[in-house]
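Participant: Can you read through this structure? Questions will come right after.
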Amino acid sequence: MGLPPSMQVEESEEGRILTISVGPQHPGSGHFRLVVKVDGDIIVDADPDPGYVHRGEEKMCEYRNYIQNIPHLERPMIADSCGILYPFCLGVEEIANIPVPERAKYIRVIMAELNRCIFELYWLGIYGIFLGHSTMFMWPMGDRELLIDLAEAATGARVTHAYFVPGGVRNDLPENFKERAFRQLDYFKHRLDQYKDIFYNNPLFLDRTKGVGVLSAQDAINLGVTGPVLRASGVKHDIRKIEPYDVYDQLDFEVYSMNTGDSYARAYVPLLEMYESINIIKQALEKMPSGSVRTKLGPNPRGPAGESFKRVEAGRGELAYYLVSDGTAKPYRVKMSVPSFRQIPAMSYLLKGSKLADMPAIYWSLNYWPVEADR
Amino acid sequence: MSSQGDQPEEGSQAKAEAKPEAAKPEAAKPVVQKPVEIPALEKGIIEKFTGRFGDKIKLVYAKPKRIRFNVKTEDVLDFARFLHDEVGFDQPISVAGVDYPKENIIEVVYHIGCCTKPEYTSSVFAFGLKLPRNDPKMPTLIPVYGGVEYHERETFEMLGVIFEGHPRLERLLLPEDWADIPPLRKDFSIKGR
Amino acid sequence: MSGAGGMFKAIESGTKHLIVRRFTLRYPEQKLKFVGDGYQYDPKQGVGIAGYKGRHILYHDKCTGCQLCAIACEGIAEAIGMVKIDKTWNHNKKSIMPQIDFGKCVFCGLCVDACPFYALFMTDDYELAAYTKEHLIYTPDQLAVKPKYQGNVEIKIDDQGATHG
Amino acid sequence: MATVQEFSFAEFVKSILWLTFWILVIFTLILLPIIFIVLFFVPAPEIAGIEMNPYLLLTMMVNPQIGAPLINLTLDQPFFKVAVFPGFTFAALFATAIIFVERKFLAKMQIRVGPYYAGREVFWWARSLEGLLQMLADLLKLLGKEVIIPAGADKPIFWAAPVVLVVASSALIAVIPAGPGWVIADIDVGLLAVFAILGFFPLTALLASWASNSKYPFIGGLRALHQMIAYEIPLILSVLGVVILSGQLNLSKIVVAQEPYWYILLLPIGAFVFFITALAELERVPFDLPEAESEIVAGWLTEYSGMSYGLIQLASYIKLYALAGLFVTLFLGGWMGPPPLAFLGPNAPSGVDMFGVELLSTQEAVGILWFVVKTFGVAVLMLLPRGINPRIRIDILLRTGWAKLIAISFINIFIALALLYLGVAGPAGPVGVISP
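Protein chains in written order, with the working numbering: chain A, 462 to 836; chain B, 138 to 330; chain C, 55 to 219; chain D, 388 to 823.
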C-alpha cells in the first residue's frame, strides 16, 4: 500500500525513519516542540525545541525596579508562583541588605511548601492523564482546591499570589488560618493515601513506568538535572537541607531519594515530598512566632553595586537567581536559572532508544514546564 | 516612587557611574576584606586554586558558600577540568552572560554546584570570563560539563557569545526570524522604553 | 499473578469512591466565601490585611490624586490611568482620580500598597466579564461602588469526604 | 476593523415565521394535491383484513384501538426489526444511554459532577438527573460543526470510513437475539458472521487513517490494526468453548442451550478472556492505544471532525452494545432470567397488551427486559476500567494478547472438552436432563 503521499516526502534516505513533530499543538507537549524521529516504534532521535513562550523575563527585569518585578516574575510558573519568586526576594534582600522578620520567614516557608504541593498535584494530574488515567487527572486537580483555598485565604489570589516581597511577605495570615490549614491538610493526607491504591500500585502503571527511562546518578549529575529527577536517581540533593534558607534549618524534615532512577521513581518522589510538605507546614504553623511580617521599605529599595546568587528548592528542583546590581533601583542583570531549563538535556538523552509509547511517561516525569524553561 | 517620572535619565546616569564599580573596582574591593572574613572551607578551596593556577586567576569575592574567580579565556578549560575532577564541583547550575558596554566587555559567568562531596554541597562556585564585546569568543565547556549545552546555546543567542567547539550553536528560544542584535545586550532596548 | 492484587485494590478504590461526596463547586449557584473584606493595606504599619484581591474600590473622600497608584502600576500592568473628575474636593486640587482598565490589571495589589491615604483597596468582586473591552475600563465613579458579592459556601470536611457547601 | 453584525431577536423570529409560512404554502398547494391524485389512482393496501387509507391513519391517532392490529402487524415486519427493535434505533438509543451513564458514572468515581446544566432548567422534575439533555446538546453541536477534510486526503475513503463503521457495527446487532424470536437474522452461522463482521473494523480503521494523509492517524491506524488482529484470535478461541458445549453457531440456540446453567459458571476463564478481548476490540481504556492522546493526538480519529467524528463515536458505542449483548448471549444466558426466576413460571408478570391485542407475550417481554438489563450491566462493567486504569503500552498489549490470552483460552477449550467428555454439559444437555 505504501505510505500516504504527504509522508513519502519526509522519509529519510534509510526509508524507515518517520519524523513526528510532537508539539507545539499537541495534547501531550505543552507550549513546546519535540521533534521525534521514529524507526517503527523506537525513537532514534529526539530534539527538544523550546522557545514558543519566551517572553524575555530577564530583559523585562532590567527595566523595572525590584518591587515592580514581582508580579511578572511569577508568570512563568503560576502553578508554583511562590517558589519562583522566593530566590528573587532572597537575592534582593542580600543585595539591599534588608532584614526579614522572623514571622515572615515562617510564613514564607509555609507558603512555599503549600505551593510545592499545589504544583506537585498539578504535575501529578497531568502525569496521570498522559498515561491515560483520567481519574488520576481529576483527583489531584480536585484536591488541589483544598490547598489553593488555603493559599487564597492567606494571599488573596488563587495562583498568582504576588505574596513574597523583599523584606517579608505582603500581609499576615488570617485569623483562623491554623485550624483551617490543619483540617484541610489532614484530609489532604488522607487523599494522598488513596492515590497509592488507584495509581501508584496499579499494575498497569507499574508496567508503564518501572524500568522506563533509567537515568543513572552519574548521568543525572553530569547532565545537570535537578530536583525530584536528581533525587530519583539516588542523589540526595535538596537545597532545603544542604543550604537551608529562611527557617528550614529549624524544621525537622526528611529528604527522600530513590535509587532506581526510572520514571516510577521520578513519579514517586514527588508523592513522598508532598507528605513531607504537610509535615513541614504543620511544624511551621506550630513554631511560628508572632510579630511583624514585613520590613517597611521605601518604594525603591536599592543596594550597593554587587551580585548575589541565591537558590531555593522549588517543586521542580533547584531554582536560582543570579542578580547583578549597579547601585540603582533597578537590577542590572537578572539571570533565572530555572529547573525546567536544566532538565532539557536529559530529555533527548532519555528518549533516544525508548519506545514512542514511553514518550509521555518519560517526558512528563522530567518535570519539564515549557513556560518556565522559556522564561 | 514619586521620582519615577524622570527615572530613565537618572537611571542612565547612575549606570554610568556604577558601571566601573560593578566590574573592576568591585573586584579589588573584596580583596581588601578577604583576610578578615573568609571561612575555612572557602579558604581551602581558594588555596587549592591559587596553588594550581597562581596569578592566572583572580579572586573576585569569597562570601560564605559563594566563591567567584575571574579566569582568562585561554585557561578556562584547564580551570574547569581542575574544578570538576580535582575539587569535585560537578553539577552545572547556570551560565549567565552580563553585558558591560561602557567597559566594552561581556562577562560570562558559570555557576557550578556540587552533588557528591558532602562538604561542598552547600557551596556554589562561580567563575567568570571577560570577553571583548565586539568579538566574544570562548571555548565551550561541554567536554567537562555536559549539562551546559543548552545554557551555552542560550547565552550565544541572548548575548552573541560564540562558544567554539559547541556542537549546535543555533537558535533556541528566540523566534526563527529574529534579525536584530542579541536581545540581552544593553544596546537592545524594549520597544517603548 | 502479582498484579492481580494491585488490580483488585485499584478496582476496590475506584468503586469505593462512587459513594464519596462530590467536591465540585457548582459555581453560579454556589460562591466561595472569602476571608475578610478584600485586600487592604495599612500604610502606617507597612503591612497588608489579608483578603481577596478582586476589583478595586476607591474612596473618593480620601483620594488626593497623588498618582502613586498609577506610578506603581507603570512597570507592572499599566492599567491605571489618572482621569479628570467632575467633582472638586478640597483634598484633591487637581481633581484627578485613578481609572482602572481591568483588561490589563493583573490583580497583584501593589497599587493598594502604594496608596498612602487609605483610598484604594480591593474587594471580593471577581465577576468582571463584559462584552466589550471598553466595558472593562472602570471610571472613578464605578470604582467607588461597593460590590454586592455574597459568598455562601466554604469547604466542609466530614467522613463522607470533602465538599463545598 | 470588522464590525460584528448585531443579533436581533425580532429578525430571528421573523425569519422562522417566514420559513414556516413558505413550508405551509408549499405543502397545501403542491404536496397535498399530489397525495390525493396518487390515492385516487392507486388502490389502498389491505393489511390484516383492514383496508388502509389516510382517514384510518388519522382516526388511529384519536382511537388507538383501531390501529392495534396494525401495530401488532408492524412488530412482525422485518423492516421494523431492522430499523427499530432490536435494530438500529434501539442500538443507537442504547449507545446514547451508555454514553450518558458513562459520563455520570465516571464523574462520580472522580468525585465530580459530570454533565450538569443541560436539561436542568427544562425539566423541573429532572433536577436530580442533571445533564439529561447533554447528549442531545452534543449531537446538535456535532451536527452544527464543519466537517474539515485535510488537503491531500483520499476523499472517497475518508468519507466512507465513518459510514462503513456505523454499518458494520450495526450489522453486528443483526445476529444477536434480544428476546425469544426477537432477532433480525436467525441464521445458523451467527457466531461466524459476528467474527466476519468484526474483521471489518481493523481494516476500516487502517483505511481511515491512511486516507487522512497525516502522521498521527497513520501510526494510530497501524496500532489499531496490530491490536485488533492480536486480540481477535483469543476472542475467537474463547468463544470456542461455548461452541463446543452448545454444539451450535446459531446464537438463539446457544441461548437455549444454556437452559440450566449459564456458561459463565462452566467456563469462567472463557468469559474473562472474552471480556478482556472485547475491551481491546472496542479500543476502550486500558486498551485505547490507537487513540492515545498524549502520544498520537487522537490516533486514527485525529483528522475527523464534526458529524463524521460523531458517526465514528456512534459506531464505537453501538459496537460496545453489540459486544456486551454478545457477552450476555454467550455467557450470561441471553434473554433468560437468572435460574431461580425461570421457575416462577405462571407467576411471572403478564405480557404487553394493547386493547386486547397481545403485542408481546409474557415470555418475550420478560426475555427482552432481562436481556436489556444484563446487557446494560455488562456495558457498565466495560466502562469501569476507564476510571481506574492507565493506558497500557503497545508491547505489553501485544505480549499479553499473543502469549497470555491465547494460552488461557486454550486452557478454556480444554476445560470445555473435559466437561463435554465427562458428560457434565454438552450439546446433549447436562447429565440427568433428557434432551428432546
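C-beta atoms are modelled at their ideal positions from N, C-alpha and C, and glycine is treated no differently.
1) In angstroms with no decimal places, state the Cα-to-Cα distance between Glu163(B) and Ile556(A).
2) Within a Cβ cutoff of 6 Å, which residues of the same chain sit near Lys202(C), ignoring the five residues on either side of it in sequence?
3) Looking at chain D, is there any beta carbon in it that lies within less than 8 Å of the beta carbon of Thr186(C)?
4) Using a Cβ-Cβ distance cut-off of 8 Å, determine whether Leu164(C) contacts chain A.
5) Nearest by alpha-carbon distance to Ala614(A): which of Ala790(A), Pro635(A), Ile531(A) is it?
6) Here's a check: name, in chain order, each residue in its chain whose Cβ is nearer than 8 Å to the Cβ of Asp68(C), leaving out the five neighbours to either side.
7) Could one say the Cβ of Ala679(D) lies closer than 8 Å to chain A's Cβ atoms, at least one of them?
8) Can you check which of these residues, Lys520(A), Thr789(A), Asp713(A), is closest to Asp324(B) by C-alpha distance?
9) Can you give, in chain order, each stretch of the beta strand (DSSP E) that sits fully within the stretch 170-208 of chain B and has at least 3 residues?
10) By Cβ distance below 6 Å, which residues in the same chain neighbour Gly215(C) in space, the five residues on each side in sequence not counted?
11) Do you know whose CA, among Tyr567(A), Asp506(A), Phe591(A), Pro560(A), lies nearest Pro750(A)'s CA?
12) Ile531(A) and Val630(A) - do their beta-carbons sit closer together than 8 Å?
13) Taking C-beta to C-beta, are Val795(A) and Glu768(A) nearer than 8 Å?
14) On the DSSP bridge list, what partners appear for Trp143(C)?
15) Fully enclosed by the stretch 470-517 of chain D, which alpha helix (DSSP H) runs are 4 residues long or longer?
16) Pair every Cβ in the stretch 262-271 of chain B with every Cβ in the stretch 281-293 of chain B, then say whether three or more of these pairs are closer than 8 Å.
17) When you compare the CB positions of Asp723(A) and Gly672(A), do they come within less than 8 Å of one another, or not?
18) From the DSSP output, which residues share a beta bridge with His110(C)?
19) Ends of the alpha helix (DSSP H) at Ser703(D)?
20) Are the C-beta atoms of Arg218(B) and some chain A residue less than 8 Å apart?
21) Extract the residue ranges of the alpha helix (DSSP H) inside the stretch 558-596 of chain A, only unbroken runs of 4 or more that lie entirely within it.
22) Can you pull the chain C residues whose beta carbon is under 8 Å from the beta carbon of Val500(D), in chain order?
23) Using a C-beta to C-beta distance shorter than 9 Å, which residues of chain G count as neighbours of Pro176(B)?
24) Rank Leu590(D), Trp569(D), Ala455(D), Val576(D) by C-alpha distance to the C-alpha of Ala548(D) and give the top, closest one.
25) Can you give me, in chain order, the residues of the stretch 143-167 of chain C that have a beta carbon less than 8 Å from any beta carbon in chain A?
26) Taking 8 Å as the CB-CB limit, is Val298(B) close to chain A?
27) Under 8 Å Cβ to Cβ from Leu636(D), same chain only, skipping five residues before and after it: list those, please.
28) For the stretch 679-694 of chain D and the stretch 786-806 of chain D, state whether three or more C-beta atom pairs, one from each stretch, are separated by less than 8 Å.
29) Which of the residues in the stretch 733-766 of chain A, read from start to end, lie with their CB under 9 Å from any CB of chain C?
30) Please identify, using Cβ separations under 7 Å, the residues of the stretch 482-495 of chain A that lie next to chain D, in order along the chain.
31) Is Ile574(D) helix, strand or coil by DSSP?
32) Closer than 8 Å by C-beta to Ile503(A): which residues in its own chain qualify, once you throw out the five before and the five after it? Chain order, please.
33) Is any beta-carbon of chain A found at less than 8 Å from that of Asp575(D)?
34) Helix, strand or coil for Met151(C)? Go by DSSP, reduced to three states.
35) Report yes if the CB atom of Val642(D) is closer than 8 Å to the CB atom of Thr716(D), and no otherwise.
36) Select from Lys748(A), Ile739(A), Ala728(A) the residue whose C-alpha is nearest the C-alpha of Asn828(A).
Facilitator: So, from the listed chains and residues:
1) Locating residue 163(B) in the second sequence gives position 26, where the first residue counts as 1. Locating residue 556(A) in the first sequence gives position 95, where the first residue counts as 1. Below a pLDDT of 50, predicted positions are generally treated as unreliable, and Glu163(B), at 43, falls in that range; the measurement from the model is reported next regardless. When rounded, the distance between both Cα atoms is 14 Å.
2) Here residue 202(C) is taken as the residue at index 148 of the third sequence, counted from 1. Nothing listed; no residue qualifies.
3) Counting from one through the third sequence, the residue named residue 186(C) turns up at place 132. No, Thr186(C) does not count as interfacial toward chain D.
4) Counting from 1 along the third sequence, the entry for residue 164(C) is found at position 110. So yes, Leu164(C) belongs to the interface.
5) Your numbering for residue 614(A) matches position 153 in the first sequence. Nearest of Ala790(A), Pro635(A), Ile531(A) to Ala614(A), Cα basis: Pro635(A).
6) The count along the third sequence starts at 1 and reaches residue 68(C) at position 14. Correcting the residue type first, residue 68(C) is Gly in the shown sequence and not Asp. No residues qualify anywhere along the chain.
7) Residue numbering aside, residue 679(D) sits at position 292 when the fourth sequence is read from its first letter. Taking Cβ atoms only, chain A reaches closer than 8 Å to Ala679(D), which makes this a yes.
8) In the second sequence, residue 324(B) corresponds to position 187, counting from 1. For the residues Lys520(A), Thr789(A), Asp713(A), the minimum Cα distance to Asp324(B) belongs to Lys520(A).
9) 195-200, 203-208
10) Start at 1 with the first residue of the third sequence, and residue 215(C) comes out as number 161. Correct list, in chain order: Val74, Arg75.
11) Start at 1 with the first residue of the first sequence, and residue 750(A) comes out as number 289. Considering only alpha carbons, the answer is Tyr567(A).
12) Translated into positions along the first sequence, residue 630(A) becomes position 169. Translated into positions along the first sequence, residue 531(A) becomes position 70. It is not a contact, given that the beta carbons lie outside the stated cut-off.
13) As a first step, residue 795(A) is located in the first sequence; it is residue number 334 there, counting from the start. As a first step, residue 768(A) is located in the first sequence; it is residue number 307 there, counting from the start. Not a contact, by the Cβ cut-off of 8 Å.
14) What you label residue 143(C) is simply residue 89 of the third sequence in a count that begins at 1. For Trp143(C), which the question treats as bridged, DSSP gives the partners Asn146(C).
15) 475-496
16) no
17) Within the first sequence, numbered from 1, the residue matching residue 723(A) stands at position 262. Within the first sequence, numbered from 1, the residue matching residue 672(A) stands at position 211. Going by C-beta atoms, Asp723(A) is nearer than 8 Å to Gly672(A).
18) In the third sequence, the residue the question calls residue 110(C) occupies position 56. In the DSSP output, where bridge partners are listed per residue, His110(C) has Met176(C).
19) Locating residue 703(D) in the fourth sequence gives position 316, where the first residue counts as 1. Residues 693-718.
20) Position 81 of the second sequence, counted from the start, is the residue given in the question as residue 218(B). Not one chain A Cβ lies under 8 Å of Arg218(B).
21) 563-591
22) Here residue 500(D) refers to the residue found at position 113 of the fourth sequence. Within chain C, the residues near Val500(D) are Arg76, Thr78, Arg80.
23) Here the protein chains are A, B, C and D, and chain G is not one of them.
24) Here residue 548(D) is taken as the residue at index 161 of the fourth sequence, counted from 1. Cα-wise, what sits closest to Ala548(D) is Leu590(D).
25) Val160, Phe161, Cys162, Gly163, Leu164, Asp167
26) By 1-based counting over the second sequence, the position of residue 298(B) is 161. Closer than 8 Å: no.
27) Residue 636(D) sits at position 249 when you count from the first residue of the fourth sequence. Asp575, Val576, Gly577, Leu578, Leu579, Val630.
28) no
29) Ser753, Val754, Arg755, Thr756, Lys757, Leu758, Pro760
30) His487, Pro488, Gly489
31) As a first step, residue 574(D) is located in the fourth sequence; it is residue number 187 there, counting from the start. Coil, per DSSP.
32) Working through the first sequence from its first residue, we reach residue 503(A) at position 42. Gly814, Ser815, Lys816, Leu817, listed in sequence order.
33) Here residue 575(D) is taken as the residue at index 188 of the fourth sequence, counted from 1. By this cut-off, Asp575(D) is not an interface position.
34) Taking the first residue of the third sequence as position 1, residue 151(C) is located at position 97. In this structure, Met151(C) counts as strand in the three-state DSSP scheme.
35) Walking along the fourth sequence from the start, residue 642(D) turns up at place 255. Walking along the fourth sequence from the start, residue 716(D) turns up at place 329. In contact: Val642(D) and Thr716(D) (Cβ atoms closer than 8 Å).
36) Locating residue 828(A) in the first sequence gives position 367, where the first residue counts as 1. Minimum Cα distance to Asn828(A) is reached at Ala728(A).
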